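A.B. asks:
In my numbering, the protein residues as written are 3 to 96.
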């Protein structure tokens, strides 16, 4: 079994990466990759919080994950309508 601290550290690292790249204006909060990284990071933090029975942390990160998931699904559907070879993966960074 993976030590929970690694799950929490991975989740926090992903969210911090997205935050820092956003603050440096390298990524925009409209980028698909930004939403995807936030969704994965917050999901890992939900798992970490669940293991520790930290309900406020579970609620915070569950909402964060669900909002990010909504954006990921919206972006994926919008981009899947494209007729070129990139299809749904278009606009990872636009």
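Note that the Cβ used here is the ideal one computed from N, Cα and C, for glycine as well.
Only a predicted model underlies this, so the values are computations on that prediction, with no experimental measurement involved.
Per DSSP, what kind of secondary structure is residue 71 in: helix, strand or coil?
C.D. replies: Here residue 71 refers to the residue found at position 69 of the chain shown. In the structure shown, residue 71 sits in a helix (DSSP, three-state: H, G or I).
A.B. asks: Buried or exposed: where does residue 41 fall if 16 or more other Cβ atoms within 10 Å of its Cβ makes it buried?
C.D. replies: Indexing the chain shown from 1 puts residue 41 at position 39. Buried, since its Cβ has 16 or more Cβ neighbours within 10 Å.
A.B. asks: Could you tell me the distance, in whole angstroms, from the CA atom of residue 26 to the CA atom of residue 46?
C.D. replies: Along the chain shown, read from residue 1 onward, the residue named residue 26 stands at position 24. Along the chain shown, read from residue 1 onward, the residue named residue 46 stands at position 44. The straight-line gap from Cα to Cα measures roughly 24 Å.
A.B. asks: Rounded to whole angstroms, what is the Cα-Cα separation between residue 51 and residue 62?
C.D. replies: Start at 1 with the first residue of the chain shown, and residue 51 comes out as number 49. Start at 1 with the first residue of the chain shown, and residue 62 comes out as number 60. Going from the Cα of residue 51 to the Cα of residue 62 covers about 10 Å.
A.B. asks: Could you give the first and the last residue of the continuous alpha helix (DSSP H) run that contains residue 37?
C.D. replies: Locating residue 37 in the chain shown gives position 35, where the first residue counts as 1. Counting along the chain, the alpha helix (DSSP H) containing residue 37 begins and ends at 34 to 53.
A.B. asks: Cβ atoms of residue 77 and residue 21: under 7 Å apart, would you say?
C.D. replies: Translated into the one-based positions of the chain shown, residue 21 becomes position 19. Translated into the one-based positions of the chain shown, residue 77 becomes position 75. It is not a contact, given that the beta carbons lie outside the stated cut-off.
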